[in-house]
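Data first, discussion second: the structure below is written as structure tokens.
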Amino acid sequence: MVDTNTLAPEMEPNRQLYFMAKSREYVKRKSEELGRNLTVHITTFGCQMNAKDSEKLLGILEKIGYEETDDEKAADFLIMNTCTVRENANQKVYGHLGMYQSRKKKALHRMIAICGCMMQEPDEVAKIRSSYRFVDIVFGTHNIFKLAELLYQTFTKKEQVIDVWEGTDQIVEDLPAVRKYSFKCGVNIMYGCNNFCSYCIVPYVRGRERSRQPEDIIKEIKQLVADGVVEVMLLGQNVNSYGKTLDNPITFAQLLQQVEQIEGLRWIRFMTSHPKDLSDELIEVMKNSKKICRHLHLPLQSGSSRILKLMNRKYDKEQYLELAAKLRREIPDLSLTTDIIVGFPGETEEDFEDTMDVVRKVQYDSAFTFIYSKRTGTPAAAMDDQIPEEVVKDRFDRLLKLVQSIATTQCSRDTGKTLEVLVEEVNEKDPSMVSGRLSNNTVVHFKGDSSLIGTICKVKMIESKGFYYLGELVE
Ligand code: 5AD
Ligand code: SF4
Numbered sequence: 001m002v003d004t005n006t007l008a009p010e011m012e013p014n015r016q017l018y019f020m021a022k023s024r025e026y027v028k029r030k031s032e033e034l035g036r037n038l039t040v041h042i043t044t045f046g047c048q049m050n051a052k053d054s055e056k057l058l059g060i061l062e063k064i065g066y067e068e069t070d071d072e073k074a075a076d077f078l079i080m081n082t083c084t085v086r087e088n089a090n091q092k093v094y095g096h097l098g099m100y101q102s103r104k105k106k107a108l109h110r111m112i113a114i115c116g117c118m119m120q121e122p123d124e125v126a127k128i129r130s131s132y133r134f135v136d137i138v139f140g141t142h143n144i145f146k147l148a149e150l151l152y153q154t155f156t157k158k159e160q161v162i163d164v165w166e167g168t169d170q171i172v173e174d175l176p177a178v179r180k181y182s183f184k185c186g187v188n189i190m191y192g193c194n195n196f197c198s199y200c201i202v203p204y205v206r207g208r209e210r211s212r213q214p215e216d217i218i219k220e221i222k223q224l225v226a227d228g229v230v231e232v233m234l235l236g237q238n239v240n241s242y243g244k245t246l247d248n249p250i251t252f253a254q255l256l257q258q259v260e261q262i263e264g265l266r267w268i269r270f271m272t273s274h275p276k277d278l279s280d281e282l283i284e285v286m287k288n289s290k291k292i293c294r295h296l297h298l299p300l301q302s303g304s305s306r307i308l309k310l311m312n313r314k315y316d317k318e319q320y321l322e323l324a325a326k327l328r329r330e331i332p333d334l335s336l337t338t339d340i341i342v343g344f345p346g347e348t349e350e351d352f353e354d355t356m357d358v359v360r361k362v363q364y365d366s367a368f369t370f371i372y373s374k375r376t377g378t379p380a381a382a383m384d385d386q387i388p389e390e391v392v393k394d395r396f397d398r399l400l401k402l403v404q405s406i407a408t409t410q411c412s413r414d415t416g417k418t419l420e421v422l423v424e425e426v427n428e429k430d431p432s433m434v435s436g437r438l439s440n441n442t443v444v445h446f447k448g449d450s451s452l453i454g455t456i457c458k459v460k461m462i463e464s465k466g467f468y469y470l471g472e473l474v475e
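Position one of the sequence shown corresponds to residue 1 (the UniProt record's numbering), numbered consecutively onward.
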């Protein structure tokens, strides 16, 4: 038998294109046997990075001949793209795996793969290797581009394939990707994180910071715009440090200015900003931009300078408040959102009150609140004085109440104004309405039909419902 691997090109992306073609032959034969197309279902946990990775996986699989299905029970190929940022994300994965095992027993050709952040943890991979033998493929965050090759290996060798890389400096571009929406798309501008916030597992599972070349990013966005995309979301764990490690360094603000020049592109979003790296240059560029959306997600994590130091966040309460005040002053219509962790080791009532104080002063448009979750291997996991559950729960409830009441007031401030809305979909509950988002990311529902999807409409904000508007089409 000819060893396929020796015939495969060594260079990427050609190597993967080769394995896509080889896998396609296999999938075609199987489809003919079954008299129908093979289907795939991807369950995605976690952040926008993972959502983007899943679009890449689906792109590869469609090239191989799989068809996407919503029906998790019936799919021929089940993939779970995992998150490990908090403990409960891991628990969900094992819950799904139990269900997958029984599905596999019903149809032996059914394939199961697990990938993503959780698979970058050696203990989790060991658990799959020893107790979940029915899982066919395990891979990590650094080699999702290799799916076709791993799949082909499974088809030919019929044994569990585990391929997890500890790290990488490789960025493989130009592989197919499927887009969930025709009019908006996430674009990775960098991978990994160098910040090592003491509670966070991301730097360990996503590796060191690597920025893409600006030319490659611009080329990708131009192509997307040519395909009908009007809004891009630039993605990175800490976009404010984009470009620092490139041979020809450029700043994130400079990249944004280049993106702004792309004709046909209407709106630009980005995620996530670390407060320590948010420059005056960026504020200036945002302020003068016609395309950058009026939304900034600026994770606070804690309002206590003492806890922020223990978290290794590299800013204190006063610096954060100053930054928020400057943003509000320079860009008055900006919506500010945040992430907050409650119950970090050693958090006292006084520390927590500092967090409440920042929330009151900044007046966030919305905030994601999280209960601290101990992640093995991070410095915080080894810290003394983990906070009792009932204390954390009580603080969490108080914070949530405050955040919600402020968000309700903030959200209603545009009542009566006519604003632009990018229409995203027909309303799920009422098919005579459509739903979309304002530049500041607030959701708006108004009377309209599917022909409006992907267009930017002028809509009058009639009534605020707390965290969304009911509106009326003006134009
Ligand atoms: N426990 C709770 N929340 C966490 N986050 C990151 N790590 C943890 C953890 N160990 C939160 C942070 C981050 C968001 C994506 O997840 O608030 O901004
Ligand atoms: Fe985690 Fe901090 Fe990096 Fe964000 S900046 S991914 S919280 S280590």
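Note that beta-carbon positions come from the ideal geometry of N, C-alpha and C, so glycine has one too. In this text, all values refer to a predicted model and were calculated from it rather than measured experimentally.
Does the distance from the C-beta atom of Val403 to that of Gly343 stay below 9 angstroms?
For the purposes of this step, residue 403 is identified with residue 403 of the sequence shown, where counting begins at 1. For the purposes of this step, residue 343 is identified with residue 343 of the sequence shown, where counting begins at 1. Not a contact, by the Cβ cut-off of 9 angstroms.
Are the region 174-185 and the region 149-160 in contact at 8 angstroms, needing three or more beta carbon pairs?
no
Rounded C-alpha distance that separates Met286 from Asn90:
As a working note, residue 286 is residue 286 in the sequence shown. As a working note, residue 90 is residue 90 in the sequence shown. Between Met286 and Asn90, the C-alpha separation is close to 37 angstroms.
Three-way DSSP call (helix, strand, coil) for Tyr26 in this model
Here the question's residue 26 lines up with position 26 in the sequence shown. In the structure shown, Tyr26 sits in a helix (DSSP, three-state: H, G or I).
Is it the case that the CB of Phe252 approaches a heavy atom of the ligand SF4 more closely than 8 angstroms?
Translated into the one-based positions of the sequence shown, residue 252 becomes position 252. Checking the Cβ of Phe252 against the ligand SF4 gives no.
Return the chain-ordered list of same chain residues with a C-beta closer than 8 angstroms to the C-beta of Asp384, the five sequence neighbours on each side being excluded.
Here residue 384 is taken as the residue at index 384 of the sequence shown, counted from 1. Pro345 and Gly346.
Residue nearest to Thr455 in terms of C-alpha spacing, selected from Ser435, Ile112 and Ala381
Here residue 455 refers to the residue found at position 455 of the sequence shown. That would be Ser435, whose Cα lies nearest to the Cα of Thr455.
Ordered along the chain, which non-local residues of its own chain (more than five positions away) have a Cβ less than 8 angstroms from that of Val2?
Translated into positions along the sequence shown, residue 2 becomes position 2. In this prediction, Val2 has a pLDDT of 47, which is less than 50 and means its spatial position is unreliable; nothing more can be read from the coordinates.
Pick helix, strand or coil for Tyr468, following the three-state DSSP scheme.
Position 468 of the sequence shown, counted from the first residue, corresponds to residue 468. Three-state result, Tyr468: strand.
Relative to the C-alpha of Met246, which residue among Met433, Met111, Glu215 and Tyr66 is closest?
If you number the sequence shown from 1, residue 246 lands on position 246. Reading the sequence as shown, one finds Leu at residue 246 and not Met. Out of Met433, Met111, Glu215 and Tyr66, Glu215 has the C-alpha closest to the C-alpha of Leu246.
Nearest to Asp333 by CA position, among Glu318, Ile283, Ile341 and Ile189, is which residue?
The count along the sequence shown starts at 1 and reaches residue 333 at position 333. The shortest Cα separation from Asp333 among Glu318, Ile283, Ile341 and Ile189 belongs to Ile283.
Residues around the ligand 5AD, please: the ones whose beta-carbon is closer than 6 angstroms to some heavy atom of it, in chain order.
Val85, Arg86, Tyr199, Cys200, Pro299, Gln301, Asp339, Ile341, Phe370, Tyr372, Ser373 and Arg375
Give me the Cα-Cα distance between Arg375 and Asn195, rounded to the nearest whole angstrom.
Here the question's residue 375 lines up with position 375 in the sequence shown. Here the question's residue 195 lines up with position 195 in the sequence shown. Those two C-alpha atoms are separated by around 16 angstroms.
So, under 8 angstroms CB-CB, Leu78 and Tyr100 are touching, yes? Tell me the CB distance rounded to an integer number of Å.
Along the sequence shown, read from residue 1 onward, the residue named residue 78 stands at position 78. Along the sequence shown, read from residue 1 onward, the residue named residue 100 stands at position 100. Confirmed, about 6 angstroms.
Look at Gly228 and Thr168 and say whether their C-beta atoms are less than 9 angstroms apart.
In the sequence shown, counting from the first residue as 1, residue 228 sits at position 228. In the sequence shown, counting from the first residue as 1, residue 168 sits at position 168. In this structure, Thr168 does not lie closer than 9 angstroms to Gly228 by Cβ.
Based on the DSSP output, what are the partners of Leu297 in its beta bridges?
As a position in the sequence shown, residue 297 is number 297, starting the count at 1. The sequence given here places His at residue 297; Leu does not occur at that position. DSSP output for His297 lists Thr337 as bridge partner(s).
Within the chosen definition, does the region 19-29 reach the region 132-143 through at least 3 CB pairs nearer than 8 angstroms?
no
For Ser435, list the residues DSSP reports as bridge partners.
Position 435 of the sequence shown, counted from the first residue, corresponds to residue 435. Answer is Glu425 and His445.
Between residue 479 and the ligand SF4, is the CB less than 8 angstroms from at least one heavy atom?
Absent from the model: residue 479. The displayed extent of the chain is 1 to 475, so no value can be given.
CA-CA distance, Glu12 and Phe19?
Position 12 of the sequence shown, counted from the first residue, corresponds to residue 12. Position 19 of the sequence shown, counted from the first residue, corresponds to residue 19. If I take the Cα positions, the gap works out to 11 angstroms.
Please confirm whether any heavy atom of the ligand SF4 lies closer than 8 angstroms to the CB of Gln237.
Mapped onto the sequence shown, residue 237 falls at position 237. For the ligand SF4, at least one heavy atom lies less than 8 angstroms from the Cβ of Gln237.
Sequence ranges, beta strand (DSSP E) only - wholly within the region 254-331, length at least 3:
267-271 and 295-297
His109, buried or exposed, once every other Cβ within 10 Å from all chains shown has been counted against 16:
Translated into positions along the sequence shown, residue 109 becomes position 109. Exposed: under 16 other Cβ atoms inside 10 Å.
For Met80, which beta-bridge partners are listed by DSSP?
Indexing the sequence shown from 1 puts residue 80 at position 80. The partner list for Met80 (beta bridge, DSSP) reads Thr43 and Ile114.
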